[in-house]
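Below is one structure, written out as structure tokens; the observations come after it.
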Amino acid sequence: MEVAKIIKEKLGTIVDVRSYDEFSGGHVVGSINIPLNEIPKRIDELRTLKGPLVLCCASGNRSGQAQLFLTEHGIESYNGGSWLDVNYHQSKIE
27 MEVAKIIKEK LGTIVDVRSY DEFSGGHVVG SINIPLNEIP KRIDELRTLK
77 GPLVLCCASG NRSGQAQLFL TEHGIESYNG GSWLDVNYHQ SKIE
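Quick look at the structure:
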């Protein structure tokens, strides 16, 4: 599924995997913050979120790592790349 479509049609949840400090400095409205290093211990919480998950971070590197981990654990997720890119897609919602 295409990330832009998931965001535009509000089909899933946006998860920002940056640190709490980075997230508090700016983030996508409506996204939740679960830092990359907390993903493994919060896997049960992630399973309860409306899927698919769109993951974002600063550049797409950490969200890519999270996406690989979550996919290996059976959670449908997509690397949205930079939170600014995800924010751009969300800004196009009418």
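According to the working numbering, the stretch in the sequence shown is residues 27 to 120, in order. We put the beta carbon where it would ideally sit given N, CA and C, even for glycine. Because the structure is a prediction, the values reported are computed rather than measured.
Best match in the options for proximity to residue i [C-alpha to C-alpha]
i, options, result
"L81", "K34, T39, E35", "T39"
"L62", "R88, L94, K34", "R88"
"I101", "S45, D70, G107", "D70"
"L37", "E28, R68, G90", "E28"
"P66", "V55, F95, R44", "F95"
"V121", "Y104, E64, V41, S103", "No statement about residue 121 is possible, as the shown extent of the chain runs from 27 to 120 and does not include it."
Where residue i sits in the DSSP three-state scheme
i, result
"L37", "coil"
"L72", "helix"
"R50", "Residue identity differs from the one stated: residue 50 is Ser in this sequence, not Arg. Helix, per DSSP."
"I32", "helix"
Where the beta strand (DSSP E) through residue i begins and ends
i, result
"G90", "Segment 87 to 98 is the alpha helix (DSSP H) holding G90; no beta strand (DSSP E) there."
"N113", "Element bounds for N113: not the beta strand (DSSP E) but the alpha helix (DSSP H), 109 to 117."
"L62", "Careful: L62 lies outside any beta strand (DSSP E) and carries neither H nor E."
Distance between beta carbons of residue j and residue i, contact taken as under 8 Å
i, j, result
"R68", "I60", "6 Å"
"R44", "A92", "Incorrect: roughly 11 Å between the Cβ atoms, too far for contact."
Using 8 Å as the threshold, is the region 63 to 75 in touch with the region 109 to 120, meaning 3 or more CB pairs across them? no
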